[in-house]
Each structure stands twice: as C-alpha cells, then as structure tokens.
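Please read the structure below before turning to the comments.
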Amino acid sequence: MRTPRVYTVLELTIGSSVHLETAVSRYLLQSLRQAKGASIELFNGDGYRYSATIIESTKSSVTAQIDSKQTGSNESPLKIHIGLALSRGERMDYGIRKIVEMGGNSITPLITQRCEVRLSKERMEKRIKHWQGIIISACEQCGRNTIPALHEPVKLNSWLGAVDDPVRLIFHPSGGTKLADRPKPKSVALLVGPEGGFDNEEVAQAQQQGFDSITLGPRILRTETAPIAAISVLQYLWGDFDG
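See below:
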C-alpha cells in the first residue's frame, strides 16, 4: 500500500517533531484515515522527501516525528517554462496539473487577444491561489519534491520580452520546425495559445522575439492537450523520458 504523501510549509528536520497545519491534519485523519503510528511522507519544496511517523493525533491535529530524509530527486534535466494562455475553469486546471505531472518547471498564465477569460483583480487573486493548490496537489500525486513556479498572469507581449531561454517554441498550425534537428538545450520556453488560437499579430510578435513555430501533426489540439503533447516530445528528445 502506498505511503500517504502530503505537502507542508513547515521546516522539516530529522529527529524533530512537527505539528502539521490544520488542513493537512484533517486531510490525513479524515480523508486518508491515518492514525497514531502510521507512516507518512512529507515534503515542503526543498527538494527532499521526509519519512515520518504520526506520534499524536486529535480530531483536527497531527504531530509527526521526522525519521529520515531522501534526496530522490526526480526533476528533469530539461527546464521547461510554459506560457499558458488563460482558458476557462476546468481546462486551465487540467492543463496546469498535467504540466506539473509531465515535469514542467515554471508556468506563466498569459492574457492574449482571444482569451475568453476576463477576471477582476480580486477574482484573479483567487484563481492564482487555486492554481497553486493544484500544483501542490499534483506534486503530492506524482512524487515531485520541488514545487514548480507559478508566476503572476501577464500580457503576452510582456512575457515575450522577458523570456531568455535558448530554445523558444510557439504552437501554431503552420509550424514547421523539426525539434529533433536541434542540439540539446538546458531550458525551453513553450508558448501555448487560448481556445481560439493566436491571432496573426501575436504569432509575428513571438517570432520577432525568437520563437519558432512548431506543430505536432495535422490535427488541431485543444489548449489543455497541447502542453501535454509538447512536453512529452521535449522530455523524450532532451529530458528524462526513456525511449
């Protein structure tokens, strides 16, 4: 049976005991049905995973003893920064979760011409908090011990001007760049459009900033599917997906 694995913001040190946050404690006790004496795994984003034992619990609190820590880094050698155009509700959630599972290191939500999402500052702040929760949940599930960065949403042209990765790619139906012909880079910036796609001016702006157009076949991919397909190819060519 798989050892329950949860994220905490607390500092973790071998031999110490920690009183886990209320939300984490309730998740362990009520959702995962853990009790005193149970073995759990903790991580806080420092790159390590910590084996721990529940030494005390009440209805809404858990105290855990930190027994050991392991490096066990499963981060890809290829750094992948995704510029992901804002999309509606579950589509954005799904895309972010899969980017994390596939090994993306950094995510920037982008405001583009054809975005169907228009949020007030207050609602955007709530969405960012929600997306951060999805990233942490995905790390819990897939075993990553380093939390991918989630940047503030920005307009497309601002992001294009700030990207400095040696390889920069934009999804576009007319793309013709062959990735296999490139030398292996250390990092890649990948631009994924909204449900309506990029307009011609945006494609031109990206190309002026050094982005090469790519396509992964004759079929048009949905905005939440495109990053999964692209990261799979990038990880196969230059990352840690074995052939």
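Under my numbering, read the sequence shown as residues 1384 to 1626, first letter to last.
Ideal placement from N, C-alpha and C gives every residue a C-beta, glycine not left out.
Values in this document were obtained by computation on a predicted structure and should not be read as measured data.
{"Item": "Around the C-beta of Ser1541, are 16 or more other C-beta atoms found within 10 angstroms, so that it is buried, or is it exposed?", "Value": "exposed"}
{"Item": "Quick check on the DSSP output: what are the complete beta strand (DSSP E) runs of length 3 or more inside the stretch 1562-1609, in order along the chain?", "Value": "1570-1575 and 1595-1597"}
{"Item": "So, using beta-carbon positions, are Met1485 and Gln1618 closer together than 9 Å?", "Value": "yes"}
{"Item": "Could you tell me the alpha carbon to alpha carbon distance between Ala1613 and Arg1388, rounded to whole angstroms?", "Value": "28 Å"}
{"Item": "Is it the case that the Cβ atoms of Leu1620 and Leu1562 are separated by a distance below 9 Å?", "Value": "yes"}
{"Item": "On the DSSP bridge assignment, give the partners of Lys1481 in chain order.", "Value": "Looking at the DSSP assignment, Lys1481 forms no beta bridge with any residue, so it has no partner."}
{"Item": "Measuring straight from C-alpha to C-alpha, what distance separates Val1616 and Gly1544?", "Value": "25 Å"}
{"Item": "Is it the case that the Cβ atoms of Ser1444 and Ala1435 are separated by a distance below 9 Å?", "Value": "no"}
{"Item": "Given a threshold of 16 other Cβ atoms within 10 Å of its Cβ, counted over all protein chains shown, does His1402 qualify as buried or as exposed?", "Value": "exposed"}
{"Item": "Relative to the C-alpha of Gly1593, which candidate in Asp1582, Leu1604, Ile1437 and Arg1551 has its C-alpha closest?", "Value": "Arg1551"}
{"Item": "At a cut-off of 8 Å, would you count Arg1388 as near the ligand ADP, judging by its Cβ distance to the nearest heavy atom?", "Value": "This structure lacks the ligand ADP, and indeed carries no ligand of any kind."}
{"Item": "Can you tell me where the alpha helix (DSSP H) with Leu1539 in it begins and where it stops?", "Value": "Leu1539 to Ala1545"}
{"Item": "Between Val1648 and Ile1518, how many whole angstroms is the CB-CB distance? I'm expecting something under 8 Å.", "Value": "Residue 1648 lies beyond the residue range present for the chain, which begins at 1384 and ends at 1626; the question has no answer from this structure."}
{"Item": "So which of Ile1479, Arg1471, Glu1473 and Met1475 has the shortest CA-CA distance to Ile1463?", "Value": "Ile1479"}
{"Item": "With DSSP collapsed to three states, give me the class of Leu1529.", "Value": "The question names Leu, but residue 1529 is Thr in the sequence shown. If DSSP states are grouped into helix, strand and coil, Thr1529 belongs with coil."}
{"Item": "Quickly, what does DSSP pair Val1629 with across the bridge? List them, please.", "Value": "An answer regarding residue 1629 cannot be provided, because it is not within the stretch 1384 to 1626 covered by the chain."}
{"Item": "Which residues in the same chain have their Cβ closer than 7 Å to the Cβ of Glu1473, if we skip the five residues on either side of it in sequence?", "Value": "none"}
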